[in-house]
Amino acid sequence: MLQALGIETSCDDCSVSVVKENGELVFLSQKHQDSIHKKFGGIVPELASRHHEEMLLFLIDQALQEVPLSDIDVICVSNRPGLLGSLLVGCVIAKTLSFSWKKALIGVNHIEAHILSPLLFEKKKPVNSLKYPALAFVLSGGHSSLFYMRDIGSSELVADTRDDSAGEAFDKMARLLGFDWPGGPSIDKWAKKKSKTKAPGFFSKIKTDDDSFSFSGIKSQAQRLLSNKTKAWVQKNKAQICFDYQNRIVNHLMEKLDQVFEKKPVPSILLGGGVSANSLLRERLKKWSREKSVSCWIPEKKFCMDNAAMVAFTGLQYFLRGYRDDLNMICSPSHLEIDFFKNPVK
Ligand code: KG4
Ligand code: ZN
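Numbering of the sequence shown is given in this note's numbering, commencing with residue 41 and proceeding in unit increments.
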């Protein structure tokens, strides 16, 4: 079975992985930069790329202590979208290794990698295989999108955010409540401590008049709600605020999914991106899938946030379809400069 070495440096997570063509994880190491960026309340691009440069070769060395170089068939790297400086570190190293080791090189769309992350596994191989077409949610710090996916390399954007992403909405509330960045996990945790009795709602339903998502309104509501409250009031209501805020966001996502599904019924739904770690969303999507008899693909928690395993796996699928990049491969902060998803060579 073929194996790929994956490199992920598109944003603030530096990660290296080795994955088999069936999605089985062989090796994964990750170096988060949360402690570096948290005092700024968001990612500082210059610091992110500098830390990738310090970490990446070290992580690749670790991978090679576990997996002999002769067992690696292809080098896969996130080359779009992302922060340019961060992408460049991964791409330059991947090209150098591809040239010196004489291994094939594949540039991977980070968004498509999130979409395929539910196909990764560590111990238990999924019993069924994924049936196309599928609807695929990508919910991360930078994206809130829903794709109609005909196959690997053939996806169409069917719903996108008009403004901010769901991840940004979680991070904004977390900042207002004084939680560490990234804030999604803290909101998720505090929402579980909500009062058992019927408590007041703080936020109104999120509405858009088409299939698009919108999170800027609820962010502003959060800002207004917390701007003139005492510390004691915030402390007392924290759990209920998190519960209500998270509920509104998840309701909005599920409502738009319903709308799109009515127009495009599919046998499978995929979920990917950091926000896919959210427990309420995972629960609601599983319930929705059972009701609609749709097969549900949700990533294991370790594959939700940015990681190189999803990059290795996605690149390997292109490799198996005959696709190759060369040393002229470019990386791009936007997914628009290079075709969004590659059309695999048949
Ligand atoms: O995919 P990701 O690791 O990075 C990007 O490509 O952006 O996503 C990071 C986002 C952050 O906004 C973080 O707050 C959010 O995922 N997140 C969550 C949870 N865990 C991470 N949001 C809600 N609930 C969670 N449990
Ligand atoms: Zn991501």
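All C-beta atoms, glycine included, are put in the ideal place defined by N, C-alpha and C. This one's a predicted model, so the numbers in the text were calculated from it and none came from an experiment.
- Within its own chain, the residues whose Cβ lies closer than 7 Å to the Cβ of I76, once the five positions on either side in sequence are excluded, are L87 and H91, listed in chain order.
- Here A214 has D220, W221, P222, G223, G224, S226 and I227 as same chain residues with Cβ atoms under 8 Å from its own Cβ, once five neighbours each way along the sequence are excluded.
- Contact check for S50 against S118 passes: the beta carbons are separated by less than 7 Å.
- Listed as beta-bridge partners of C371 by DSSP are no residues whatsoever.
- Residue environment: S184 is assigned as buried (16 or more neighbouring CB atoms within 10 Å of its CB, all protein chains considered).
- Residue pairing for T201: DSSP places it in a beta bridge opposite F253.
- About 6 Å separates the beta carbons of S205 and G181, which is inside the 8 Å limit, making them a contact pair.
- Between the ligand ZN and the CB of D204, the shortest heavy atom gap is not smaller than 6 Å.
- Apart from sequence neighbours up to five positions away, the residues of its chain that approach G81 with a beta-carbon distance below 8 Å are R215 and W221, ordered along the chain.
- Burial of A262 is indicated by the presence of at least 16 other C-beta atoms within 10 angstroms of its C-beta.
- Between the region 311 to 319 and the region 335 to 347 there are three or more C-beta pairs closer than 8 Å, enough to call the two in contact.
- Per DSSP, reduced to three states, the secondary structure at E340 is coil, with no helix or strand assignment.
- In terms of Cβ geometry, A352 and V59 form a close pair [threshold 7 Å].
- Assignment of beta-bridge partners to N62 by DSSP yields no partner.
- Taking a C-beta distance under 7 Å as the contact criterion, K212 and F283 do not qualify as a contact pair.
- DSSP places F243 outside both helix and strand once states are collapsed to three, so it counts as coil.
- Distances between the C-beta of P222 and the heavy atoms of the ligand KG4 include at least one below 6 Å.
- If you ignore the 5 residues before and after D111, its C-beta comes within less than 6 Å of the C-beta of Q43, all in its own chain and listed in chain order.
- When the beta-carbon positions are compared, I100 and V56 come within less than 7 Å of each other.
- Only exposed fits G362, as fewer than 16 other CB atoms lie within 10 angstroms of its CB.
- Burial is judged here by how many other beta carbons sit within 10 angstroms of a residue's own beta carbon; N149 has at least 16 and is buried.
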